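Below: the structure, in structure tokens.
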Amino acid sequence: MAKYVYNFTEGNRNLKDLLGGKGANLAEMVNLGLPVPHGFTITTDACRHYLAEGSVPAGLDQEVAGHLKALESEMGRKLGQADDPLLVSVRSGAKFSMPGMMETVLNIGLNDESVHGLAKQSGGNERFAWDSYRRLIQMFGKTVLGIDGDLFEQALDELKGRRQDTDLSAPELQQLVETYKGVVREQTGKDFPSDPREQMRLAVMAVFDSWNAPRAILYRRQERIPADLGTAVNIMAMVFGNYGNDSGTGVAFTRDPGSGRQGIYGDYLQNAQGEDVVAGIRNTIPLEDLEHLDKPSYDQLVGIMETLENHYRDLCDIEFTIEHGKLWMLQTRVGKRTAAAAFCIATQLVDQGLITMDEAVTRVTGDQLANLMFPRFDANAEKKKIAKGMNASPGAAVGKAVFSSERAVELSSQGEEVILVRRETNPDDLAGMIAAKGILTSRGGKTSHAAVVARGMGKTCVCGAEELEVLTAEHRFIAPGDVVVSEGDVISIDGTTGEIFLGEVPVVDSAVVEYFEGAQEPVDGFDGAQELEDDLVRAVDRIMRHADQARRLGVRANADTPDDAARARRFGGQGIGLCRTEHMFLGERRQLVEDLVLATTDGARQAALDALEPLQKADFIGIFQAMEGDPVTIRLIDPPLHEFLPDIVELSIKAATGQATDKDRKLLTAVKRLDEQNPMLGLRGVRLGLVIPGLFAMQVRAIAQAAAEVPGARPEIMIPLVAAVQELESVREEAVKILADAGVSALIGTMIEVPRAALTAAQIAESAEFFSFGTNDLTQMAWGFSRDDVESAFFSRYLDLGIFGVSPFETIDREGVGRLMRIAVEEGRSARPDLHLGICGEHGGDPDSVHFCHDIGLDYVSCSPFRIPVARLEAGRAALTNTTSDTR
24 MAKYVYNFTE
34 GNRNLKDLLG
44 GKGANLAEMV
54 NLGLPVPHGF
64 TITTDACRHY
74 LAEGSVPAGL
84 DQEVAGHLKA
94 LESEMGRKLG
104 QADDPLLVSV
114 RSGAKFSMPG
124 MMETVLNIGL
134 NDESVHGLAK
144 QSGGNERFAW
154 DSYRRLIQMF
164 GKTVLGIDGD
174 LFEQALDELK
184 GRRQDTDLSA
194 PELQQLVETY
204 KGVVREQTGK
214 DFPSDPREQM
224 RLAVMAVFDS
234 WNAPRAILYR
244 RQERIPADLG
254 TAVNIMAMVF
264 GNYGNDSGTG
274 VAFTRDPGSG
284 RQGIYGDYLQ
294 NAQGEDVVAG
304 IRNTIPLEDL
314 EHLDKPSYDQ
324 LVGIMETLEN
334 HYRDLCDIEF
344 TIEHGKLWML
354 QTRVGKRTAA
364 AAFCIATQLV
374 DQGLITMDEA
384 VTRVTGDQLA
394 NLMFPRFDAN
404 AEKKKIAKGM
414 NASPGAAVGK
424 AVFSSERAVE
434 LSSQGEEVIL
444 VRRETNPDDL
454 AGMIAAKGIL
464 TSRGGKTSHA
474 AVVARGMGKT
484 CVCGAEELEV
494 LTAEHRFIAP
504 GDVVVSEGDV
514 ISIDGTTGEI
524 FLGEVPVVDS
534 AVVEYFEGAQ
544 EPVDGFDGAQ
554 ELEDDLVRAV
564 DRIMRHADQA
574 RRLGVRANAD
584 TPDDAARARR
594 FGGQGIGLCR
604 TEHMFLGERR
614 QLVEDLVLAT
624 TDGARQAALD
634 ALEPLQKADF
644 IGIFQAMEGD
654 PVTIRLIDPP
664 LHEFLPDIVE
674 LSIKAATGQA
684 TDKDRKLLTA
694 VKRLDEQNPM
704 LGLRGVRLGL
714 VIPGLFAMQV
724 RAIAQAAAEV
734 PGARPEIMIP
744 LVAAVQELES
754 VREEAVKILA
764 DAGVSALIGT
774 MIEVPRAALT
784 AAQIAESAEF
794 FSFGTNDLTQ
804 MAWGFSRDDV
814 ESAFFSRYLD
824 LGIFGVSPFE
834 TIDREGVGRL
844 MRIAVEEGRS
854 ARPDLHLGIC
864 GEHGGDPDSV
874 HFCHDIGLDY
884 VSCSPFRIPV
894 ARLEAGRAAL
904 TNTTSDTR
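Read in order, the letters of the sequence shown correspond to residues 24 to 911 in this note's numbering.
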């Protein structure tokens, strides 16, 4: 019979698939002998069954009852017992951390009778008992019963006025309980459930249901967490941080999640329960202040932090509660961190001997590196600072202030950049947080919801800006000096310093971009922000050097100009994998292309080609010189013909209104003759080269002549849109002769961007010396999608329905497009063992796609110059992923 419930003593951290991250790590802490309240975990298997079948699996209720009975025996009291109640928390716990996205209910077991027993149990602390009861109804009402949480917040705000919640007396809290019960009755038509077992059962179902709540779905999509994992449920004996000032709750990090610096980092809140810290209902105190409030608990916590970091060999995020001076550990996990902290921590752990450099490379990601390449504020620019908060997540963000998640989404969809301003965020703000360039709150600390989620997403965030009076309902905030910022006003926030500025502050390249550009070297001896910046540059330098040593994949650039080519080399590119020659026909040269297309005689056509050839040659000379002997893959002209021709509608209007010239009328006739219903599948690529005599020959001659003039030039000529080997053979024969006449050697190959080419790769490889996968077109043709049309038309719906986990234009679709690529690799190399293989579609800079390219045996990836560092890092990670013991 399947087992669906595990005591904390039965698991370990390797059972995250079954017990979820929280349950597995609670079990691990029990194994380490740390002070963890008694409890048990309902597995993800049970959740998946519930979500699939609409009911819990057979036997689950009996297992839960058995574990609850054992828990009651261990605690010496029963759930909700009137005179001496056991209370429990019911918490979610997915395999991957999803902070605040799913449900938690505390104080399960309280009702009108047991609240008096709780007061007696606590030595007559009536205030504590009624405070716990109102918390249960508030959390249960919102989480389990689906009541608007603002109804409870409004009742609380009306009662306390300008006071803190800790200032409310026991009679006032008892009054609030009655008010809350009235809200439940009014909103649901039923009384608040008083049966403790029923409370627990409904809370478990609510946690299961929250896996598919809109905010959880949105978060999984953002973080690329699979939708079929489900969540575990952890049921734990309550420990209380809201007993009084000798109690409290907090969150600790074993080192700074913002910078990676070692030290004591975190927040503590006296006389509070755990949700108060992340919700930001009161501003916390720094964790180091706990030493003065309760030194024994502080010292014990510091020792536990060291134990956990050494055990997990990583930054740990810890939740704890102190109950009457007794420390309890409620959760630990490998902590979320900023991109900068990820690189610094990885190299620090190497220096401490906890991990190897191989592991360090796998501890960071290309997405994090890309985040570090975003601009920063210009230190020399004029700025109007209006306030300062906590530097919760670094970066420079500029945008219009908005005061609701809905408004952030609305303006962002219109192309506006926005800063989401809230008193504090909650999980319902996730859509707005994703849409915003940055997040600003007046409450909360570095462990608040806004800070934790922003760090996980790489968003700039400033929290706890207490100087600001945020008037959400009025869509404005007031800063010191009576500075009023209304919705739509532009502000700038610095997540590195916590500073808030009025207006737009100019940005400059990040220190990491300067490092890649060669403008900054890792050095020692700086203080403050410069020292942190240099720590980061040194860490990036070490990891990139090791990734380069480890990787098998080469990394080239998609570059069409000498400037792009030079930047590619500075960023570590090892050649050009895609030089698009059609970009060289735009601008002032468009007229020559029109002349070529409209030519009706061999002489007119040749005249146009003769005019284009020296221009092409000059382009190639500049690129060959910039690449200094690295290979340059040049794709002959590829895009649809209509991109070079005048607009048919505009010409038709001119003709209809009598404004057309003789040339306009000739153009209109030609354009109508060449007009296509679907240009992407029409006269382009190799087809155009075969239909317009001399076009490809002109380009090959320009390449050959340029290569002959640049010592060390290594051209590779790529024929686009080939679907049959006969097309390639027709072009190759002429190209080989031209190259031989010029005394130049060059590889001749093709793009694999048509499904038929992938399926006949063995034939094509007989004439091609290399393949380069054009995955943009290959994806369009494999799916039958027109990229320009479908992404805005229905992709969001496909993502909502789970048809896509991620857009196939963003990450290679391994099952469909990826299978075509595998076939082409295997069959191509079977026909030509030395066949050189690469990828030049936009997927070449996507981290997940780089790993796939490594797995199927490609020789290189090619991407935009600014993505080259990302591809280099991910190529190293791909080579090391299967050889390290700790990958993420």
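We put the CB at the ideal spot given by N, CA and C, even for glycine. Model, not experiment: these values are computed from the prediction.
Asked, Found
"Which residues in the same chain have their Cβ closer than 6 Å to the Cβ of Pro-545, if we skip the five residues on either side of it in sequence?", "Only weak support exists for where Pro-545 lies, its pLDDT of 47 falling under 50; the coordinates are left without a value."
"With distances taken from CA atoms, which of Ala-239, Ala-649, Asp-40 and Arg-737 is nearest Met-121?", "Ala-239"
"If you draw a straight line from the C-alpha of Gln-285 to the C-alpha of Val-528, how long is it?", "31 Å"
"Could you give the first and the last residue of the continuous beta strand (DSSP E) run that contains Trp-153?", "Not the beta strand (DSSP E): Trp-153 falls in the alpha helix (DSSP H), residues 149 to 166."
"For Lys-359, would you say it is in contact with chain B, using Cβ-to-Cβ distances shorter than 8 Å as the test?", "The structure shown contains no chain B; it holds only a single protein chain."
"Are the beta-carbon atoms belonging to Glu-739 and Ile-644 less than 8 Å from one another?", "no"
"What's the gap between the Cα of Pro-734 and the Cα of Leu-751?", "28 Å"
"Buried or exposed for Gly-548, please, with buried defined as at least 16 other CB atoms from any protein chain shown within 10 angstroms of its CB.", "With a pLDDT of 37 at Gly-548, under the threshold of 50, the modelled position of this residue cannot be trusted; read the value that follows with caution. So Gly-548 ends up on the exposed side."
"Report yes if the CB atom of Gln-722 is closer than 8 Å to the CB atom of Ile-660, and no otherwise.", "yes"
"Alpha helix (DSSP H) containing Ile-660: first to last residue?", "First-last for Ile-660: undefined, no H or E at that position."
"I need the straight-line Cα distance from Asp-106 to Glu-440, nearest angstrom please.", "57 Å"
"According to DSSP, simplified to helix, strand and coil, what is Arg-445?", "strand"
"Using 8 Å as the threshold, is the stretch 259 to 270 in touch with the stretch 304 to 314, meaning 3 or more CB pairs across them?", "no"
"So Val-530 and Ala-419 are in contact, right, with Cβ under 8 Å, and what is the actual spacing, rounded?", "5 Å"
"Could you give the distance in angstroms between the alpha-carbon of Leu-42 and the alpha-carbon of Asp-583?", "52 Å"
"Would you identify the three-state DSSP class for Phe-63, choosing helix, strand or coil?", "strand"
"Helix, strand or coil for Arg-867, going by three-state DSSP, please let me know.", "The residue you asked about is not Arg; residue 867 is Gly in the sequence shown. Note: Gly-867 maps to helix in three-state DSSP."
"Can you list, in chain order, the residues of its chain with a C-beta nearer than 8 Å to that of Thr-370? Leave out the 5 residues immediately preceding and following it.", "Ala-383, Arg-561, Ala-562, Arg-565 and Ile-566"
"Which of helix, strand or coil does DSSP assign to Gln-85?", "helix"
"Quick one, are the C-beta atoms of Val-620 and Phe-608 less than 8 Å apart?", "no"
"Where does Pro-309 fall in DSSP's three states?", "strand"
"Rounded to the nearest angstrom, how far is the Cβ of Arg-360 from that of Leu-338, given a contact under 8 Å?", "6 Å"
"Is it right to say His-877 is buried, meaning 16 or more other beta carbons lie within 10 angstroms of its own, or is it exposed?", "buried"
"First and last residue of the alpha helix (DSSP H) that includes Thr-623?", "Premise fails: Thr-623 is in no alpha helix (DSSP H) and is neither H nor E."
"Taking contact to mean at least 3 C-beta pairs separated by less than 8 Å, is the stretch 867 to 877 in contact with the stretch 889 to 905?", "yes"
"Can you tell me where the alpha helix (DSSP H) with Val-138 in it begins and where it stops?", "137 to 144"
"With distance defined between alpha-carbon atoms, name the residue in Ile-131, Ser-809 and Lys-689 nearest to Thr-623.", "Lys-689"
"Closest to Ser-320 by CA distance: which of His-347, Glu-332 and Val-425 is it?", "His-347"
"Ignoring anything shorter than 3 residues, give me the beta strand (DSSP E) runs that lie fully in the stretch 215 to 288, in order along the chain.", "254 to 260 and 271 to 278"
"Would you give the residue range spanned by the alpha helix (DSSP H) that Lys-39 belongs to?", "39 to 54"
"If we call anything under 8 Å between Cβ atoms a contact, is Thr-67 one with Thr-254?", "yes"
"Among the residues of its own chain, which have a CB less than 7 Å from the CB of Glu-342, if the five just before and after it don't count?", "Val-274, Gly-297, Leu-353 and Gln-354"
"When the Cα of Met-162 is compared with those of Glu-95, Ala-142 and Val-230, which residue comes out closest?", "Val-230"
"Going by DSSP, what residue range makes up the alpha helix (DSSP H) through Asn-799?", "798 to 806"
"Can at least three beta-carbon pairs, one atom from the stretch 724 to 733 and one from the stretch 585 to 600, be found at a separation below 8 Å?", "no"
"So what does DSSP say about Glu-497, is it helix, strand or coil?", "helix"
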